[in-house]
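Trainee: Numbering (our numbering), first residue to last: 1158 to 1509.
By construction, the Cβ of each residue, glycine as well, lies at the ideal position given by its N, Cα and C atoms.
Note that the coordinates shown come from a computational prediction; the quantities given were computed from them, not determined experimentally.
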Ligand code: PEP
Ligand code: MN
């Protein structure tokens, strides 16, 4: 990782650095931040001669040689100084609550619009709404591009940033064209490296963020963080890690709730952690407890499925969406808890 003295390299400086790197079989990937940019050396950056030549340039401050499977996502990376902002919240400073329906029903757009206003009223700062849905059963409702208009209408009316899952390049294009603020990569696609690359490439140079769910099957933390590295390696560092429960499920829950990995992720990476209690437990009645547990573990935010009338919802909403009054109580309690629970100190050095 190249850390320049100025906030960013000029084009001739970048060309000089690129020339040196390419002589050693490496490429340079700029990581563009709001204030300053840093430059990843993609390839084997252990060659001392290359490092010496780069460090010899007057405008280079230093080269960080982080030996980690995820150099950019590593807590010791220079990206650790950045802070993502969403819905007026600076992640890491204030609890971010994303709430909304699992699935937008294109035949009943009013439910979603009512839900959008209700979650805002309840205290959520961002809105979620499924447009395209990954369904286990190929004959279940798969989502509908028309729901994108409903989502963006709700964004305009409430002023909330919106989150929607994308599963293929066409969804990415449509979502970005429409102005979706956060692209979700779902648990079934968390290890779909082509999709991770497509999303990373598509959001490079934009403000768009990505909510990356943890893979459905119990994977290692490094696997989860490395998936985020795919996205960030294209230059946009706005990635949020989202534990959402894993398989095999805990008897009685939809998945095995995994909010407890939050402090472990924070030992390894700088990325904000937003926990999804809804898919973790899969039943509305258990969602508040799981959400509070996530806050106790130091989560930076929550992503909660909510619906004005869950029984009229589609997708997961009838079973796991909470009502706006439950959401409002959950948010009040979560904020109160966060005020008394200090995020656990980071105890361990990064083990790679
Ligand atoms: C969802 O958010 O509705 C969803 C399908 O999430 P996951 O990928 O975590 O199952
Ligand atoms: Mn869902």
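#1: Which ranges would you report for the beta strand (DSSP E) in the region 1435–1486 if only whole runs of at least 3 residues count?
#2: Beta carbon of residue 1401: closer than 6 Å to some heavy atom of the ligand PEP?
#3: Starting from the Cα of residue 1357, find the closest Cα among 1175, 1189 and 1163 and give me that residue.
#4: Per DSSP, residue 1187 is paired with what?
#5: Quick one: grab the DSSP three-state call for residue 1508.
#6: For a test of the three-state rule: what should DSSP assign to residue 1220, helix, strand or coil?
#7: With a threshold of 6 Å, establish whether the CB of residue 1259 neighbours any heavy atom of the ligand MN.
#8: According to DSSP, residue 1397 sits in a beta bridge with which residue or residues?
#9: In chain order, what residues of the same chain lie with their CB nearer than 7 Å to the CB of residue 1210, ignoring the 5 residues before and after it?
#10: Should residue 1506 go down as buried or exposed, given a rule of 16 or more other Cβ atoms within 10 Å for buried?
#11: For the beta strand (DSSP E) containing residue 1321, name the first residue and the last one.
#12: Please name the residue in 1377, 1366, 1438 and 1382 whose C-alpha comes closest to that of residue 1401.
#13: Given residue 1192, which residues of its chain have a CB within under 7 Å of its CB, disregarding the five upstream and five downstream residues?
#14: From what residue to what residue does the beta strand (DSSP E) around residue 1244 run?
#15: List the residues that DSSP assigns as beta-bridge partners of residue 1256.
#16: Helix, strand or coil: which one does DSSP assign to residue 1420?
#17: Once the 5 residues before and after residue 1450 are set aside, which same chain residues still bring their CB inside 7 Å of it?
#18: Looking at the structure shown, is residue 1250 part of a helix, part of a strand, or coil, going by DSSP?
#19: Do the CB positions of residue 1368 and residue 1341 come within less than 7 Å of each other?
#20: Look at residue 1309 and residue 1335 and say whether their C-beta atoms are less than 7 Å apart.
#21: Shorter than 6 Å, the distance from the beta carbon of residue 1176 to the closest heavy atom of the ligand SAM, or not?
#22: Just checking my contact of residue 1332 with residue 1305 at CB under 8 Å: how many whole Å lie between their CB atoms?
#23: If you draw a straight line from the alpha carbon of residue 1258 to that of residue 1486, how long is it in whole angstroms?
#24: Any heavy atom of the ligand MN closer than 6 Å to the beta-carbon of residue 1473?
#25: Return yes when at least one heavy atom of the ligand PEP lies under 6 Å from the C-beta of residue 1476, else no.
#26: Assuming residue 1448 and residue 1434 form a contact by the criterion Cβ under 8 Å, report the distance between their Cβ atoms to the nearest whole angstrom.
#27: Near residue 1261, what residues of its chain come up, given a Cβ to Cβ distance below 7 Å and the 5 sequence neighbours on each side ignored?
#28: Skipping 5 residues on each side, what residues in its chain have a beta carbon closer than 8 Å to that of residue 1278?
#29: With a threshold of 6 Å, establish whether the CB of residue 1456 neighbours any heavy atom of the ligand PEP.
#30: I'd like to confirm something about residue 1287: is its beta-carbon nearer than 6 Å to some heavy atom of the ligand PEP, or not?
#31: Relative to the alpha-carbon of residue 1385, which residue among 1406, 1426, 1418 and 1375 has its alpha-carbon at the smallest distance?
#32: From the DSSP output, read off the bridge partner residues of residue 1341.
#33: By alpha-carbon positions, which one of 1219, 1244 and 1329 ends up nearest to residue 1234?
#34: Could you tell me how far apart the beta carbons of residue 1317 and residue 1244 are, in whole angstroms, since I believe they sit closer than 8 Å?
#35: Alpha carbon to alpha carbon, what distance is there between residue 1375 and residue 1508?
#36: Along the beta strand (DSSP E) that carries residue 1160, what are the first and last residues, could you check?
Mentor: In short:
#1: For the region 1435–1486, the continuous beta strand (DSSP E) assignments of 3+ residues that do not extend past its boundaries occur at 1458–1462, in sequence order.
#2: At least one heavy atom of the ligand PEP falls within 6 Å of the beta-carbon of residue 1401.
#3: Closest by alpha carbon: 1189.
#4: Per DSSP, 1196.
#5: Because the pLDDT of residue 1508 is 42, which lies under 50, any placement of that residue in the model is unreliable, and the number read from its coordinates should be weighed accordingly. DSSP places residue 1508 in coil when its eight states are reduced to three.
#6: Three-state DSSP puts residue 1220 in a strand.
#7: In this structure, the ligand MN has a non-hydrogen atom nearer than 6 Å to the beta-carbon of residue 1259.
#8: BP columns for residue 1397 point to 1368.
#9: Around residue 1210: 1177.
#10: Because residue 1506 sits at a pLDDT of 48, beneath the cut-off of 50, its placement in the model cannot be relied upon, and the following sentence gives the value as read from the coordinates. Taking all protein chains in view, the Cβ of residue 1506 is surrounded by fewer than 16 other Cβ atoms within 10 Å, so the residue is classified as exposed.
#11: First-last of the beta strand (DSSP E) with residue 1321: 1319–1322.
#12: Among 1377, 1366, 1438 and 1382, the Cα nearest to that of residue 1401 belongs to 1438.
#13: 1164, listed in sequence order.
#14: It is not in any beta strand (DSSP E) - residue 1244 carries neither H nor E in the DSSP assignment.
#15: As a beta-bridge residue in DSSP terms, residue 1256 pairs with 1284 and 1461.
#16: Assignment of residue 1420 by DSSP, reduced to helix, strand and coil, places it in the helix class.
#17: Once the five neighbours on either side are set aside, the close Cβ partners of residue 1450 are 1416.
#18: In the structure shown, residue 1250 falls within a coil segment according to DSSP collapsed to helix, strand and coil.
#19: Residue 1341 sits close to residue 1368, with the two beta carbons spaced by under 7 Å.
#20: When the beta-carbon positions are compared, residue 1309 and residue 1335 come within less than 7 Å of each other.
#21: Judged by which ligands are present, the ligand SAM is missing from the structure shown, whose ligands are the ligand PEP and the ligand MN.
#22: By a beta-carbon distance limit of 8 Å, residue 1332 contacts residue 1305. Their separation comes to about 7 Å.
#23: Going from the Cα of residue 1258 to the Cα of residue 1486 covers about 18 Å.
#24: At least one heavy atom of the ligand MN lies less than 6 Å from the C-beta of residue 1473.
#25: The answer is no for residue 1476.
#26: With a Cβ gap of about 4 Å, residue 1448 and residue 1434 count as contacting.
#27: In the same chain as residue 1261, and ignoring 5 residues on each side of it, the C-beta atoms closer than 7 Å to its own belong to 1269, 1286, 1287, 1288, 1304, 1307 and 1308, in chain order.
#28: The beta carbon of residue 1278 is closer than 8 Å to those of 1481 and 1485 in its chain, skipping five residues each way along the sequence.
#29: Residue 1456 Cβ: outside cutoff for every heavy atom of the ligand PEP.
#30: Yes - the ligand PEP has a heavy atom lying nearer than 6 Å to the Cβ of residue 1287.
#31: Of the listed residues, the one whose Cα sits closest to residue 1385 is 1426.
#32: In DSSP, residue 1341 forms a bridge with 1322 and 1368.
#33: Residue 1234 has its Cα closest to that of 1219, out of 1219, 1244 and 1329.
#34: Indeed, because the Cβ distance is near 6 Å, the residues count as touching under 8 Å.
#35: Interpretation of residue 1508 is limited by its pLDDT of 42, a score under 50 that renders its predicted location unreliable; the figure taken from the coordinates is listed afterwards. Looking at the two C-alpha atoms, the distance is approximately 19 Å.
#36: 1159–1161 is the span of the beta strand (DSSP E), which, as asked, contains residue 1160.
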